[in-house]
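Residue numbers (UniProt numbering): 1 to 191.
For every residue, glycine included, the Cβ atom is placed at its ideal position computed from N, Cα and C.
Quick notes on the structure that follows.
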Amino acid sequence: MEPSESPQTSPYQPPRPAETETKRPSRVWLVVGALAVVLLVVYAVFRLGGTAPEESSAPVVRNDDPGIDGIIAADAPASAFEVGDCLTGFDSPLEEATIVTCQTPHNAQFIGTATLEDVPYPGEAGTTERAAEACKAIKLETDVLMAHQWSYQFSQPSSGSWEAGDRDVACFLSLTSEDDRATDSVLPPAS
Numbered sequence: 001m002e003p004s005e006s007p008q009t010s011p012y013q014p015p016r017p018a019e020t021e022t023k024r025p026s027r028v029w030l031v032v033g034a035l036a037v038v039l040l041v042v043y044a045v046f047r048l049g050g051t052a053p054e055e056s057s058a059p060v061v062r063n064d065d066p067g068i069d070g071i072i073a074a075d076a077p078a079s080a081f082e083v084g085d086c087l088t089g090f091d092s093p094l095e096e097a098t099i100v101t102c103q104t105p106h107n108a109q110f111i112g113t114a115t116l117e118d119v120p121y122p123g124e125a126g127t128t129e130r131a132a133e134a135c136k137a138i139k140l141e142t143d144v145l146m147a148h149q150w151s152y153q154f155s156q157p158s159s160g161s162w163e164a165g166d167r168d169v170a171c172f173l174s175l176t177s178e179d180d181r182a183t184d185s186v187l188p189p190a191s
């Protein structure tokens, strides 16, 4: 017997696809992409997290000769307010406001400070009551008070700041109507 021959394979084979070289993104684009991601994360942290970069500790420059507009310091932080300052754009004792002369129409005035007695923290209701009493004890000009409707606003120590030794209260009078403006000081003239 003769050995059987295996079937022959066809010499034709389909062409191979041309090898394509895969290009890798250049390093420049990788760096640009990474930088964009970092910037988006930083933006999201500040924007969505409610955190803002710390304000500079540069002192507020007060205009000694405010001129016709009456502005002494525009958009001043609450830490720059001085007793007797008349304020426009005032919303709360802890927010910025513009300091103006008291003859310039304004909606609030920083009337004074008080120190609460050094006792164990009396709780939020206790500090609120004591702060209100301390602010209402400040002597005021009754003629100006009677010409407008005012409300007391004040900053007061929190339990955390009390533990750190804070006993100070900052007292403000603000107009109750958004449309009302005063043009005089509620504090009596200095003697």
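(Q) I'd like the list of long-range same chain contacts for G89, defined as Cβ closer than 7 Å, with 5 residues on each side in sequence excluded. (A) If you ignore the 5 residues before and after G89, its C-beta comes within less than 7 Å of the C-beta of A97, T98, all in its own chain and listed in chain order.
Q: Could you tell me which residues DSSP pairs with D168 in its beta bridges?
A: Partner(s): T115.
Q. How would you call R181, buried or exposed, if buried means at least 16 neighbouring beta carbons within 10 angstroms?
A. With fewer than 16 other Cβ atoms inside 10 Å of its own Cβ, R181 counts as exposed.
Q) What span of residues does the alpha helix (DSSP H) with T127 cover, start to end? A) Where T127 is concerned, the enclosing alpha helix (DSSP H) starts and stops at 123-136.
Q: Measure the alpha-carbon distance for A132 versus D69 and round it to whole angstroms.
A: A132 and D69 have their C-alpha atoms roughly 33 Å apart.
Q. What does S151 pair with, by DSSP beta-bridge criteria?
A. According to DSSP, which records beta bridges pairwise, S151 is partnered with S174.
Q) Helix, strand or coil: which one does DSSP assign to A190? A) Looking at A190 - three-state DSSP - the assignment turns out to be coil, as it is neither helix nor strand.
Q) Taking the Cβ atom as the reference point for each residue, do I111 and I72 lie within a distance shorter than 8 Å? A) Contact flag unset, no.
Q. Any idea what DSSP makes of D180, helix, strand or coil?
A. Coil at D180, not helix or strand.
Q: Would you grab the beta carbon distance between A114 and C135 for me? Rounded to a whole angstrom, and I think it's under 8 Å.
A: With 8 Å as the limit, A114 and C135 qualify as a contact, their Cβ atoms being about 7 Å apart.
(Q) Looking at P188: is its Cβ nearer than 8 Å to the Cβ of E141? (A) Yes, these two residues count as a Cβ contact at 8 Å.
**Q.** Own chain residues within Cβ distance below 7 Å of D75, not counting five before or after
**A.** Counting only Cβ-Cβ distances below 7 Å, and skipping sequence neighbours, we find E96, T98.
Q | Separation of S161 from D168, as counted between CA atoms | A | If you draw a straight line from the Cα of D168 to the Cα of S161, it is about 10 Å long.
Q. Would a C-beta distance cut-off of 8 Å place A170 and S155 closer than the cut-off?
A. Going by C-beta atoms, A170 is nearer than 8 Å to S155.
Q: Look up D75 in the DSSP assignment and say whether it is helix, strand or coil.
A: DSSP places D75 in the strand class (E or B) of the three-state scheme.
Q) Where does the unbroken beta strand (DSSP E) through L87 begin, and where does it stop? A) L87 -> beta strand (DSSP E) spans 86-88.
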